[in-house]
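Protein chains: 2
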Amino acid sequence: MSEQWIEQVKWDEKGLVPAIAQDHISGRILMVAWMNEEALRLTVEEGRGIYWSRSRNRLWRKGEESGHVQKLHEIRLDCDADVVLLSVEQLGGIACHTGRESCFYRVLNDKHEWETVDEVQRDPNQIYANKD
Amino acid sequence: MSEQWIEQVKWDEKGLVPAIAQDHISGRILMVAWMNEEALRLTVEEGRGIYWSRSRNRLWRKGEESGHVQKLHEIRLDCDADVVLLSVEQLGGIACHTGRESCFYRVLNDKHEWETVDEVQRDPNQIYANKD
Numbered sequence: 001m002s003e004q005w006i007e008q009v010k011w012d013e014k015g016l017v018p019a020i021a022q023d024h025i026s027g028r029i030l031m032v033a034w035m036n037e038e039a040l041r042l043t044v045e046e047g048r049g050i051y052w053s054r055s056r057n058r059l060w061r062k063g064e065e066s067g068h069v070q071k072l073h074e075i076r077l078d079c080d081a082d083v084v085l086l087s088v089e090q091l092g093g094i095a096c097h098t099g100r101e102s103c104f105y106r107v108l109n110d111k112h113e114w115e116t117v118d119e120v121q122r123d124p125n126q127i128y129a130n131k132d
Numbered sequence: 001m002s003e004q005w006i007e008q009v010k011w012d013e014k015g016l017v018p019a020i021a022q023d024h025i026s027g028r029i030l031m032v033a034w035m036n037e038e039a040l041r042l043t044v045e046e047g048r049g050i051y052w053s054r055s056r057n058r059l060w061r062k063g064e065e066s067g068h069v070q071k072l073h074e075i076r077l078d079c080d081a082d083v084v085l086l087s088v089e090q091l092g093g094i095a096c097h098t099g100r101e102s103c104f105y106r107v108l109n110d111k112h113e114w115e116t117v118d119e120v121q122r123d124p125n126q127i128y129a130n131k132d
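One line per chain: the protein sequences are A and B, in this order.
Using the UniProt record's numbering, read the first sequence as starting at 1 and increasing by one per residue.
Using the UniProt record's numbering, read the second sequence as starting at 1 and increasing by one per residue.
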């Protein structure tokens, strides 16, 4: 299989692009992570969100610890070819490590404070109980 | 007014964060651009999408040439504080410089090709007629 579609992505100087995960039904933005070539290839091959963890410096199969796998429905590329957009089904309904549906749970309010407006769906200590 | 909300954003080594613009009604992702501190501050002050153009190395008031201003409805910050999400009303219904509603107009198809699936709403030559 040709790798042209991978080469057409404009990887940054670190070999990464931002990847947005969006709920395929509600349209809610769940999270933004990063991908390298391998992460993008594997995301398509395995049909699930796989990212490059910049903090852990390794591939990160979303849900590998939490079970909160992102089933891939569609993947899009933007006009500059430097951002990918994943339409996903978020298993467990939780994308954020804080136990919330979305990582974007803070809104800038009128007082210019980042106010938490979304509830924790599940205690992170329960989600990552098998971590250690 | 305190600038704490600006300082709470985790700016990268270039002083930037990715900013996603999402249609406030349809939930469609319109584009991803970058912001520095000033762009974020002005976005909130002026109530419209204002970005940092990495190619032109200057502030970019979205719509300054095209008229396709993004009216700000809400702004969110993610858990890592390194991505902002703008809920906007996209005037003219076109966010992309190609004349399309969204910059994410290409889908990876079964043949592993980035296939253009969205139509051009308006000829870019008309949109940017006053550019020169």
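Heads up, the beta-carbon is just placed ideally off N, CA and C, and yes, glycines get one too.
(request) Please compile the residues from chain B whose C-beta is within a distance smaller than 7 angstroms of the C-beta of A:Val83. (result) Val32
(request) Kindly indicate if chain A contains any beta-carbon less than 8 angstroms away from that of B:Leu42. (result) no
(message) If we define contact as Cβ-Cβ less than 8 angstroms, is A:Val120 a contact residue for chain B?
(response) no
(message) Taking 8 angstroms as the threshold (beta carbon to beta carbon), is B:Ile25 in contact with chain A?
(response) no
(message) For A:Leu59 and A:Trp52, which I take to be in contact (beta-carbon distance under 8 angstroms), what is that distance rounded to the nearest angstrom?
(response) 6 angstroms
(message) Going by C-alpha to C-alpha distance, which of B:Arg48, B:Ile6 and B:His68 sits closest to B:Gly92?
(response) B:His68
(message) What does the alpha-carbon distance come out to for the pair A:Ala33 and B:Met31?
(response) 16 angstroms
(request) Buried or exposed for A:Gly15, please, with buried defined as at least 16 other CB atoms from any protein chain shown within 10 angstroms of its CB. (result) exposed
(request) Please decide whether A:Val107 counts as near chain B, where near means a Cβ-Cβ distance under 8 angstroms. (result) yes
(request) Note down the Cα distance separating A:Val117 from B:Leu40, rounded to an integer number of angstroms. (result) 20 angstroms
(message) Cutting at 7 angstroms between CB atoms, please list the residues of its own chain near B:Ile29, excluding the five before and the five after it.
(response) Ile20, Gln22, Ser102 and Phe104
(request) Could you tell me whether the Cβ of A:Pro124 comes closer than 8 angstroms to any Cβ of chain B? (result) no
(request) Could you check what DSSP says for A:Thr98 in three-state terms: helix, strand or coil? (result) coil
(request) Determine, using beta carbons only, whether A:Gln8 comes closer than 8 angstroms to chain B. (result) yes
(message) List, in chain order, every chain A residue whose beta-carbon is nearer than 7 angstroms to that of B:Trp114.
(response) Trp5, Gln8 and Leu77
(request) Could you tell me which chain A residues have their CB closer than 7 angstroms to the CB of residue 186 of chain B, listed as they occur along the chain? (result) Only positions 1 to 132 of chain B appear in this structure, which leaves residue 186 of chain B out of reach.
(message) Less than 8 angstroms between CB atoms is the rule here; does B:His97 satisfy it with respect to chain A?
(response) yes
(request) List the DSSP bridge partners of A:Glu115. (result) A:Val107
(message) Contact defined as beta carbons within less than 8 angstroms: I believe B:Gln90 pairs with B:Gln70. What is the distance between those atoms, to the nearest angstrom?
(response) 6 angstroms
(message) Can you list, in chain order, the residues of its chain with a C-beta nearer than 8 angstroms to that of A:Gly47? Leave out the 5 residues immediately preceding and following it.
(response) Lys71 and Leu72
(request) Work out the CA separation of A:Pro124 and B:Glu119 for me, nearest whole Å. (result) 43 angstroms
(request) From the DSSP output, in three-state form, read off B:Glu37 for me. (result) helix
(message) On the criterion of 16 or more Cβ atoms from any shown chain inside 10 Å, does B:Ile94 qualify as buried, or is it exposed?
(response) buried
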